[in-house]
Amino acid sequence: QKEVEQDPGPLSVPEGAIVSLNCTYSNSAFQYFMWYRQYSRKGPELLMYTYSSGNKEDGRFTAQVDKSSKYISLFIRDSQPSDSATYLCALKAAGNKLTFGGGTRVLVKP
Amino acid sequence: GAVVSQHPSWVICKSGTSVKIECRSLDFQATTMFWYRQFPKQSLMLMATSNEGSKATYEQGVEKDKFLINHASLTLSTLTVTSAHPEDSSFYICGHADRADTQYFGPGTRLTVL
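Residue numbers (our numbering), protein chains in the order written: chain A, 555 to 664; chain B, 313 to 426.
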């Protein structure tokens with residue numbers, strides 16, 4: 555079993571819809587939770603960074619962490635075709651390296 | 313966020329040759345940089361952690377003699393793929409962490425070995 559599980563998709567939604575992404579993890583030592591967006595043949599771009607359970611909002615993006623369930627989510631409101639990319643969750647225990655999920659490919663259709 | 317550049321963005325080389333990839337931290341003095349490899353439709357896999365002025369720390373299964381890492385200054389780390397073979401063709405991404413330990417990544421280098 556992988557430490558971090560993420561559905562590979564593709565997840566196809568119409569423009570304007572809410573995109574819902576999630577990752578589950580098994581290691582309770584993970585304390586820091588990040589979401590990256592990666593366009594094809596580009597490096598990952600940091601979208602959200604959280605370290606506590608609950609919600610964090612930034613513009614159209616909301617990150618949600620539920621440490622008791624070992625479950626994290628990213629919501630994208632009012633999705634645009636430019637949001638079409640692969641979204642990677644990344645988790646980290648204190649002082650340790652990042653552990654990435656496999657990534658979910660998202661397609662937002664005009 | 314931190315700004316990281318990589319050069320070249322794409323390189324094609326013949327089997328058996330060596331290729332050097334540069335990673336620069338443009339706005340932060342990074343004592344530690346990270347090198348990842350990403351195969352198509354897969355996630356990033358950490359290859360090694362580059363430490364300024366000392367030897368890199370390699371992940372299990374990564375050949376240190378094949379993937380030479382040099383981190384001679386606080387703004388530059390290089391990865392040299394020695395005696396490259398077609399199976400080394402991949403997308404190589406570097407990154408570093410800021411003071412808050414948040415990792416930022418470069419745009420990546422696509423290596424194609426013929």
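Ideal placement from N, C-alpha and C gives every residue a C-beta, glycine not left out.
Model, not experiment: these values are computed from the prediction.
Checking the sheet assignment: what are the DSSP bridge partners for residue i?
i	result
Met588/A	Tyr603/A and Ala644/A
Leu652/A	Lys646/A
Pro568/A	Lys663/A
Arg349/B	Met357/B and Tyr404/B
Leu388/B	Arg336/B and Ser385/B
Ser321/B	None, per the DSSP bridge assignment.
Val316/B	Ser337/B
Ser582/A	Looking at the DSSP assignment, Ser582/A forms no beta bridge with any residue, so it has no partner.
In this structure, how does DSSP classify residue i when only helix, strand and coil are distinguished?
i	result
Glu375/B	coil
Ser636/A	helix
Asp400/B	helix
Val660/A	strand
Phe340/B	coil
Thr394/B	coil
Gln555/A	coil
Thr329/B	coil
Ser366/B	coil
What residue does the beta strand (DSSP E) around residue i start on, and which one ends it?
i	result
Ser574/A	Val573 to Tyr579
Arg422/B	Thr421 to Val425
Val558/A	Val558 to Gln560
Glu611/A	Gly608 to Asp612
Ala617/A	Phe615 to Asp620
Thr414/B	Careful: Thr414/B lies outside any beta strand (DSSP E) and carries neither H nor E.
Tyr593/A	Where Tyr593/A is concerned, there is no enclosing beta strand (DSSP E), given that its DSSP letter is neither H nor E.
Leu628/A	Tyr625 to Ile630
Contact defined as beta carbons within less than 8 angstroms: I believe residue i pairs with residue j. What is the distance between those atoms, to the nearest angstrom?
i	j	result
Ser317/B	Leu426/B	At roughly 26 angstroms, the Cβ-Cβ gap does not stay under 8 angstroms, so Ser317/B and Leu426/B are not in contact.
Quick one: which residues of the stretch 610-621 of chain A get their C-beta closer than 9 angstroms to a C-beta of chain B? List them in chain order.
none
Closer than 7 angstroms, Cβ to Cβ, to anything on chain B: give me those residues from the stretch 590-607 of chain A, in chain order.
Arg595, Lys596, Gly597, Pro598, Leu600 and Tyr603
Tell me which residues of the stretch 647-664 of chain A have at least one Cβ-Cβ distance to chain B shorter than 7 angstroms, keeping chain order.
Sequence-ordered contacts of the stretch 647-664 of chain A with chain B read Lys651, Leu652, Phe654, Gly655, Gly656 and Gly657 [C-beta pairs closer than 7 angstroms].
Chain-ordered residues of the stretch 408-423 of chain B with a beta carbon less than 7 angstroms from chain A:
Thr414, Gln415, Tyr416, Phe417, Gly418, Pro419, Gly420 and Arg422
Quick one, which residues of the stretch 376-405 of chain B are near chain A if we go by CB-CB under 9 angstroms, in chain order?
Phe403 and Ile405
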